[in-house]
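This report refers to the structure that appears directly beneath it.
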Amino acid sequence: MDQVISSDGNYLLSWPDVKRNNNNNYSGPIPTWYKKLTDNYVLSNNLRLIHPLNDVVCDISRTHKSPSIIPAITIPKSQWSIHWNNVQKQVIFGKTLSQDTDRSTSISYLQHFIPQQTHHDNNLTPKKQLLGLIACKGCLLHSYYPHDTRPTYVIAIRTQKLLLFNIFKKSSFEYKSLLEYYNHQTFVVATKPFHTLRHIAYEHFIKIDKSPLNTSSQRPLDVTLTPNTSSPSNNIDNHIDHALICHPDLKIELKSCAKKLESEILLTFYTDGSVQYIGTTHSISGYGWTQVQPFTPRINFKGSTVFFPSSSKSESMGILTALIISPFNCRINIYTDSANCINIFNTRMQSGIVSPRQKLKQSNFLIWDLIFFLINEKHLEWLNSNDHDALCSIKVSKQQGNRIKKCNFIYLTIDIQQRNYPRLYSLGSIPCIECAYARDDNVHVGLCKEHSNQIINILTQAAHDLQELIITNTKDAGFDLDDTIRSSPLFNTTFDDILPQSHPGYLLIHHLVLSDLTLIFYNYIKDKKLRFSLFLKFFSTLMSSIDTLIWSRRASLIKQWESTLSITKNKKRFYRQRQKKRAPPPPAPDVSTQNSSPCRNYNHRHVATTPYYRDGIFHDHHAHIR
């Protein structure tokens, strides 16, 4: 497909273009395979593909023929070429005046032409827009032309290959249709649209040029900011001096913040940004952050930008200024409410290599180039505890709600479902789906006979992981660490058949944490910041295994059981609406009072007592809600 589509992967080439690219090797009528492509894979007569191709492998040497290098100064008659300027990030159009090929590489002298969009029509697609070019009247790219004094505004470019394009004749319909827009100016009309030629020039620069576009070659900042491990504070000052164009007092304030935090290894920032008077000449975008990590200096900072104000730029600048004052080899938590910043960070962090074309499409890509430069330069480590896009997303709310329900023993087990939907579930006591020996309720979760093997495996693996974690991150763990872990009631796996109700692991299953676990961290890890990060890492892994092996497995079995009774999600959703006018079902005469279903007038939001103080569950003053 690469041979019959455009270089940007969006259009199918016309049959004359296919023949031209293959040296006119095809003769006769249009083949059937090409007709099948036009009938099934394009949208309309403009040959736009239904499913555009990404990362097209473009053979520039085949699709764009370059002139042979002749060892002399040649003057082409009518030769138009395009070149990519990496400084301005734009394509250069020019008419070749002469070529000096006496050296190893060719030097082309071009009369500079610039695109003119006075005839732009919003009703046409970019491919239908005609590209008009007029002679440049002066810019910083112009240089001296030694061969003739008549041409003005000439550009000298050292080239290895030329990308040529054609123009319409003055007698063509395309040329005549633009005469009224140029007021008798001298102009030419290219045969290809602007975005196609720009893409071709950029692809040529990426694939053939000796210096491909990358982060280090875009900005002179990278050359100046050379790592200097002997003096990290000087490097931070260097970053502030060269990366920001602002008032000197603002740089002094940032350097003062960096000086206060130079010895910290864990920082927590809350960043925000906003825009005022948007759409007016007084529009300004502000940003700020606050550092709230316990036992560290409480520092606040705020600033503003005046050029191209936008809310996403303000949020990005808040993250940038927070990173630029952070010390080397530091762990950082950054909390922001900008979905745009979170998406850009995840895209760049997860994809690894982002193509320059994708990078240019990202908003404020220069700011994010600097952000990731600082991350790599300072060897920063990010603690991403929230794996969702937003702090208040539906997924986070559901996750936190499930934890609250589990620790308060009001999670949606079968007995609560039976209370809420009495017409969907049978009357009486419904036994556990897994063991069928006891009533299915929150108290039974963890005490079920079928959970014993999973609990033993979880606690055994957790004890091993805890010992390895402490030994790896501390130098003086001590010889009694193994005995301490084995003697802890939390990791006791010598119970018979089922987990005892007094075992600390029972509270752990219901998302409650005893001091037995935290005491081990306090005794063997003295650094409070390191202790916090290691506990977060260990406990997240432990609770994830509990949720997967016990709660999720149990939920899938209940769902299968409900499907056999034709109990679906929609039936629960519209239950109140459908049963509103129906009388409640009469109680079964042979069902005792103890086994009857609970009353439907239960107040769902009222929890009078803590779950671990109820009858049948032991109470512990050292239990902490996670």
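Numbering (the working numbering), first residue to last: 1 to 626.
We treat Cβ as the ideally placed atom computed from N, Cα and C, and that holds for glycine.
Inter-residue spacing [alpha-carbon to alpha-carbon] between residue i and residue j
i      : j      : result
Gln358 : Asn408 : 48 Å
Leu244 : Thr541 : 41 Å
Ser274 : Asn46  : 43 Å
Leu534 : Thr460 : 19 Å
Tyr335 : Tyr270 : 5 Å
Tyr575 : Arg423 : 9 Å
His142 : Thr96  : 14 Å
Leu250 : Ala322 : 13 Å
Asn453 : Asn235 : 55 Å
Thr186 : Pro327 : 58 Å
Glu180 : Glu174 : 12 Å
Leu267 : Gln291 : 7 Å
Val189 : Gln116 : 10 Å
Leu320 : Arg403 : 34 Å
Gln400 : Thr191 : 60 Å
Asp440 : Ile470 : 39 Å
His604 : Ile325 : At His604, the pLDDT of 43 sits below 50, so the modelled position is not reliable; the number obtained from the coordinates is stated separately. Between His604 and Ile325, the C-alpha separation is close to 48 Å.
Lys170 : Lys77  : 16 Å
Leu133 : Asn10  : 24 Å
Pro309 : Lys36  : 49 Å
Leu163 : Glu203 : 11 Å
Ser256 : Glu262 : 10 Å
Ser44  : Gln362 : 30 Å
Trp33  : Ile567 : 52 Å
His184 : Cys136 : 16 Å
Asp415 : Val513 : 26 Å
Asp16  : Thr159 : Per the sequence shown, residue 16 should be read as Pro rather than Asp. Cα to Cα, the separation comes out at about 29 Å.
Ala339 : Thr280 : 25 Å
Leu110 : Ala156 : 6 Å
Tyr182 : Ser81  : 22 Å
Asp615 : His379 : Per-residue confidence for Asp615 stands at a pLDDT of 39, beneath the threshold of 50, marking its modelled position as unreliable; the derived number appears in the next sentence. Between Asp615 and His379, the C-alpha separation is close to 53 Å.
Ile577 : Val396 : Per the sequence shown, residue 577 should be read as Gln rather than Ile. Going from the Cα of Gln577 to the Cα of Val396 covers about 28 Å.
Lys449 : Gln417 : 22 Å
Asp2   : Thr347 : 27 Å
Asp100 : Ile278 : 52 Å
Pro31  : Ile5   : 16 Å
Residue range of the unbroken beta strand (DSSP E) whose run includes residue i
i      : result
Ser274 : 266-276
Arg331 : 331-335
Lys302 : 299-305
Asn85  : 80-85
Tyr287 : 284-291
Ala436 : Where Ala436 is concerned, there is no enclosing beta strand (DSSP E), given that its DSSP letter is neither H nor E.
Phe187 : 187-190
From the options, residue whose alpha carbon lies closest to that of residue i
i      : options                        : result
Cys139 : Thr152, Ile550, Asn10          : Thr152
Ile206 : Asn10, Tyr145, Lys192, Lys89   : Lys89
Ser177 : Leu130, Ala156, Cys136, Thr271 : Leu130
Leu519 : Ile155, Leu466, Phe495, Trp561 : Leu466
Cys246 : Gln291, Ile265, Pro193, Gly303 : Gly303
Ile367 : Asp8, Glu315, Ile5             : Glu315
Leu254 : Asp272, Trp289, Ile278, Gln276 : Trp289
Ser515 : Cys341, Ile82, Phe491          : Phe491
Ile525 : Ile50, Ser338, Asn473, Pro294  : Asn473
His195 : Thr494, Leu162, Trp84, Lys260  : Trp84
Val91  : Pro504, Asp369, His199         : His199
Tyr144 : Glu468, Ser108, Ala258         : Ser108
Ile299 : Ile265, Ala258, Met317, Leu507 : Ala258
Glu377 : Ile458, Ile5, Lys406, Asn238   : Asn238
Leu360 : Pro31, Ser27, Asn86            : Asn86
Ala463 : Ile167, Asn166, Ser487         : Ser487
Ile455 : Gly505, Asp496, Leu412         : Gly505
Ile344 : Ile332, Cys330, Asn329, Asp369 : Asp369
Residue i: first and last residue of the uninterrupted alpha helix (DSSP H) it sits in
i      : result
Lys449 : It is not in any alpha helix (DSSP H) - Lys449 carries neither H nor E in the DSSP assignment.
Val18  : 15-21
Trp33  : 32-40
Asn376 : 365-378
Tyr202 : 194-207
Ala555 : 553-564
Gly318 : 311-324
Heavy atom of the ligand PLP within 8 Å of residue i beta-carbon
i     : result
Asn86 : Looking at this structure, you won't find the ligand PLP or any other ligand, since it has none at all.
Alpha helix (DSSP H) runs wholly inside the segment 486-541, at least 4 long, in chain order:
504-509, 515-524
For the segment 546-554 against the segment 283-293, do three or more pairs of beta-carbon atoms, one drawn from each stretch, fall closer than 8 Å, so that the two count as touching?
no
In chain order, each beta strand (DSSP E) run of at least 3 residues that lies wholly inside the segment 101-181
106-116, 131-135, 154-159, 163-165
With a threshold of 8 Å, are at least 3 pairs of Cβ atoms found where one atom belongs to the segment 427-440 and the other to the segment 511-530?
no
Pairs of beta-carbons, one from the segment 468-481 and one from the segment 554-562, closer than 8 Å: are there three or more?
no
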